[in-house]
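One line per chain: the protein sequences are A and B, in this order.
Residue numbering for the first sequence follows the working numbering, starting at 232 and increasing by one per position.
Residue numbering for the second sequence follows the working numbering, starting at 528 and increasing by one per position.
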Amino acid sequence: DSGVTQTPKHLITATGQRVTLRCSPRSGDLSVYWYQQSLDQGLQFLIQYYNGEERAKGNILERFSAQQFPDLHSELNLSSLELGDSALYFCASSVAEQTNTGELFFGEGSRLTVL
Amino acid sequence: GENVEQHPSTLSVQEGDSAVIKCTYSDSASNYFPWYKQELGKGPQLIIDIRSNVGEKKDQRIAVTLNKTAKHFSLHITETQPEDSAVYFCAGVSNYQLIWGAGTKLIIKP
């Protein structure tokens with residue numbers, strides 16, 4: 232158990248809809264990262280928050296947005312969903328602001344299926 | 528920007544044999560190289576990492592080597608066991624962000 236909690240574990244929705252994925256980081260971790268993993272694909276970095284502020288942005292679509300709340304949990308909002316958005320979405324957390332300083336702890340992911 | 532290439536994409540080895548996965552990177556400033564293991568249905572988990580001031584690091588059956596001149600680093604798993612079956616990801620760092628390889632699916636044949 233990494234200590235990172237993601238909900239929901241599975242989500243099935245229709246094209247055009249909007250969903251929200253939630254992540255609770257490990258206790259004490261200030262950084263939260265969101266990744267997308269499509270079937271048999273690698274990890275695509277979407278966005279990082281550190282202590283409530285956006286720290287880095289990767290290949291995140293304009294239809295997607297995220298935020299980190301004062302209690303450090305984070306939400307990833309996906310709107311105007313398309314079939315190609317079907318994927319595993321992982322949240323990871325770390326103590327540090329920069330990823331070259333130590334381990335990322337990943338949750339078990341939220342599997343999104345868009346029909 | 529940084530690019531990390533990982534090979535092979537799939538590796539099948541006999542139980543008990545060794546497995547080697549290789550990654551190359553492009554950003555000479557990259558100074559941190561972690562390896563993550565992703566088991567089926569789970570999130571990736573750090574198994575070993577190496578920093579640029581070290582050439583090799585070992586942890587039981589797992590070792591990582593780094594060649595800064597050639598800009599490549601490798602994961603070595605000896606005496607492979609069924610529980611080593613997973614997808615392995617390497618990563619480098621550019622602009623303080625992890626840049627991930629595409630992953631290697633390791634299959635351990637009984």
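All C-beta atoms in this analysis are idealised placements derived from N, C-alpha and C, irrespective of residue type, glycine included.
Note that the structure is a prediction, hence the values are computed from the model and not measured.
Self-check item: Residues near B:H603 in its chain [Cβ-Cβ closer than 6 Å; skip 5 each side]
Solution: Apart from sequence neighbours up to five positions away, the residues of its chain that approach B:H603 with a beta-carbon distance below 6 Å are V547, A590, ordered along the chain.
Quiz prompt | Segment limits, beta strand (DSSP E) that includes A:Q268 | solution = For A:Q268, the uninterrupted beta strand (DSSP E) segment begins and ends at 262-268.
Quiz item: If you run the structure through DSSP and keep just helix, strand and coil, what is A:G247?
Solution: A:G247: coil per DSSP, three-state reduction.
Quiz item: Just reading off the beta strand (DSSP E) that B:K636 is part of, what are its end residues?
Solution: Where B:K636 is concerned, the enclosing beta strand (DSSP E) stretches over 631-636.
Quiz item: Any C-beta of chain B sitting closer than 8 Å to the C-beta of A:S233?
Solution: So yes, A:S233 belongs to the interface.
Quiz item: Listing by chain order, which chain A residues have their CB less than 8 Å from the CB of B:N558?
Solution: Listed along chain A, the residues sitting closer than 8 Å to B:N558 by beta-carbon distance are N331.
Exercise. Compare the C-beta of A:L307 against all C-beta atoms of chain B and say whether one is closer than 8 Å.
Key: Cβ-Cβ to chain B under 8 Å: no for A:L307.
Quiz item: Touch check for the segment 605-614 of chain B and the segment 333-341 of chain A: three-plus C-beta pairs under 8 Å?
Solution: The segment 605-614 of chain B is not in contact with the segment 333-341 of chain A.
Self-check item: Identified DSSP bridge partners for B:V531
Solution: When beta bridges are read from the DSSP output, B:V531 appears opposite B:Y552.
Self-check item: Reduced DSSP secondary structure (H/G/I, E/B, other) of A:G289
Solution: The answer is coil: DSSP assigns A:G289 none of H, G, I, E or B.
Quiz item: Anyone know if the C-beta pair for B:S557 and B:S621 falls short of 8 Å?
Solution: In terms of Cβ geometry, B:S557 and B:S621 form a close pair [threshold 8 Å].
Self-check item: Close Cβ partners of A:G340 (< 7 Å) along its chain, the five nearest in sequence each way excluded
Solution: A distance below 7 Å between beta-carbons, with the five flanking residues on each side excluded, links A:G340 to the following residues of its chain, in chain order: Q237, L319, Y320, F321.
Exercise. Could you check which residue in B:S555, B:N530, B:Y563, B:A618 has the C-alpha nearest to that of B:T596?
Key: B:T596 has its Cα closest to that of B:S555, out of B:S555, B:N530, B:Y563, B:A618.
Self-check item: Beta bridge counterpart(s) of B:N558 as assigned by DSSP
Solution: B:N558 pairs with nothing; no bridge assigned.
Quiz item: How would you list, in chain order, the residues of chain B whose beta-carbon sits under 7 Å from the beta-carbon of A:E334?
Solution: Residues of chain B passing the Cβ test: L573.
Quiz item: Taking C-beta to C-beta, are B:R588 and B:E566 nearer than 8 Å?
Solution: It is not a contact, given that the beta carbons lie outside the stated cut-off.
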